[in-house]
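Numbering (this note's numbering), first residue to last: 121 to 493.
Just so you know, even glycine gets a beta-carbon here, dropped at the ideal spot from N, CA and C.
It should be emphasised that the depicted structure is a prediction, and the values quoted were computed from it without experimental measurement.
Let me begin by presenting the structure, written as structure tokens, before commenting on it.
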Ligand SMILES: *Cc1c(COP(=O)(O)O)cnc(C)c1O
């Protein structure tokens with residue numbers, strides 16, 4: 121039997137909005153303003169309105185959306201930025217690229233997000249000072265679509281004079297206490313990589329903040345540290361712009377985004393309601409909604425489970441098989457096995473199953489049956 125269930129179905133989405141996407145792309149081809157064209161400005165206005173923040177700044181990727189704020193904060197050698205080891209490489213890579221030190225702390229076992237108590241503990245321990253480091257900020261990640269614990273993280277940040285940079289690459293569309301991802305912390309980043317909840321047809325990203333001064337600096341960093349014009353450079357920056365064609369695609373997708381988040385939630389609820397007892401379904405904390413970038417399960421015997429699903433042609437993926445503190449790229453920071461027991465245990469137990477707004481009941485039943493066997 122060939123079920124052919126995709127892990128993420130971008131085709132079904134495209135079918136719905138193909139005409140609108142084509143029209144918007146044609147408009148770009150007609151006006152020819154490929155860089156910083158009207159679509160870029162329209163997207164920034166719509167994103168700011170969507171999130172309820174003052175400034176939305178589009179950029180070239182979710183990675184640049186992390187790098188640009190750190191550059192605007194002048195992060196560099198001697199600075200420590202605290203983050204989670206259970207995330208995509210970008211979150212800590214940008215810190216290391218600037219010569220600063222990513223300091224990892226363990227995660228909450230149920231939400232998989234950074235554990236505020238662990239953040240407080242490392243700040244209190246005196247460890248950073250011993251290494252000659254100054255704590256500057258925290259980068260919480262809204263993993264798999266659920267916001268991190270911002271009330272506690274923001275309290276800790278205030279007490280230690282740190283910034284909070286929300287990595288919302290997986291959580292665009294999620295909420296906590298009626299506030300949308302993108303408006304937590306001092307500044308937030310998201311990604312429009314095609315597989316994210318809100319994706320382009322290429323790379324793209326955006327940064328959000330209510331801080332006017334920071335916004336101005338970030339707009340400058342995004343375009344080679346420009347001052348009053350682009351041939352007057354007042355700081356070092358990057359080529360971090362979002363191009364008009366990608367902005368056009370995201371604008372089309374934004375028109376159906378809320379509906380899609382609703383559909384993702386229906387899919388997630390059905391999975392959770394029917395999940396066999398031997399499998400730990402995702403936990404959505406009180407007051408939270410998720411945008412379900414991934415629907416991630418925890419099991420005792422992952423390899424065997426995945427093998428059964430593979431045989432039944434149900435695609436699965438592991439986010440993330442190797443925590444960041446154990447990656448060769450970060451060897452110089454001295455991470456070792458046993459350092460973060462929760463993260464390490466979970467990295468051996470989790471896997472994700474198909475999740476997208478257009479997943480049919482019948483296919484979900486098939487996947488659940490495969491999980492039951
Ligand atoms: C995808 C992702 C990024 C990076 O986004 P790109 O657009 O691929 O650069 C950063 N952080 C997290 C948590 C992500 O999932």
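The beta carbons of residue 265 and residue 285 sit no closer together than 7 Å. It is roughly 12 Å from the alpha-carbon of residue 319 to the alpha-carbon of residue 380.
Counting only runs that start and end inside the region 417-476, the beta strand (DSSP E) elements of at least 3 residues fall at 470-473.
Taking residue 350 as reference, the option from 131, 231 and 156 with the minimal CA-CA separation is 156.
Where residue 280 is concerned, there is no enclosing beta strand (DSSP E), because DSSP gives it neither an H nor an E. Within the DSSP bridge table, the entry for residue 222 names 201 as partners. In this structure, the C-beta of residue 463 stays at least 6 Å away from each heavy atom of ligand 1.
Residue 256: member of the beta strand (DSSP E) spanning 254-259, first to last residue. The Cβ atoms of residue 302 and residue 179 lie no closer than 7 Å to each other.
Sequence-distant partners of residue 198 (beyond 5 residues in either direction) whose C-beta falls short of 7 Å from its own C-beta, in its chain, are 252, 253 and 254.
Cβ contact annotation for residue 173 (same chain, cutoff 7 Å, sequence separation greater than five): 302, 303, 328, 329 and 330, in chain order. For residue 151, the number of other beta carbons within 10 angstroms of its own is below 16, and it is reported as exposed. The distance from the Cβ of residue 407 to that of residue 296 is about 6 Å, consistent with a contact at the 8 Å cut-off. For residue 251, the CB stays at least 6 Å from every heavy atom of ligand 1.
Annotation for residue 313 indicates a beta carbon within 6 Å of some heavy atom of ligand 1. Contact check for residue 185 and residue 325: beta-carbon distance about 4 Å, within the 8 Å limit, so the pair qualifies. Annotation: residue 171 is outside any beta strand (DSSP E); the continuous alpha helix (DSSP H) that includes it extends over 158-171. With respect to residue 478, residue 132 sits close: the two C-beta atoms are nearer than 7 Å.
Secondary structure at residue 409: strand, using DSSP grouped into helix, strand and coil.
Collapsing the DSSP output to three states places residue 404 in coil. Contact between residue 261 and residue 207 holds, since their C-beta atoms are separated by about 4 Å, short of 8 Å.
Sixteen is the threshold: since fewer than 16 other Cβ atoms of the shown chains lie within 10 Å of the Cβ of residue 396, the residue is exposed. With three or more CB-CB distances shorter than 8 Å, the region 442-456 counts as touching the region 210-219. The beta carbon of residue 261 sits closer than 6 Å to at least one heavy atom of ligand 1. Distance between residue 343 and residue 373, taken at the CA atoms: about 26 Å. For residue 310, the enclosing beta strand (DSSP E) stretches over residues 307-311. Here residue 452 is exposed, its C-beta having fewer than 16 other C-beta atoms within 10 Å.
Where residue 231 is concerned, there is no enclosing beta strand (DSSP E), because DSSP gives it neither an H nor an E. Shown here, residue 175 sits in a strand according to DSSP, grouped into three states. The nearest non-hydrogen atom of ligand 1 is less than 6 Å from the C-beta of residue 290. Around residue 267, the same chain offers 291, 294, 296, 301, 304 and 408 as residues with beta carbons nearer than 7 Å, after the five sequence neighbours per side are excluded.
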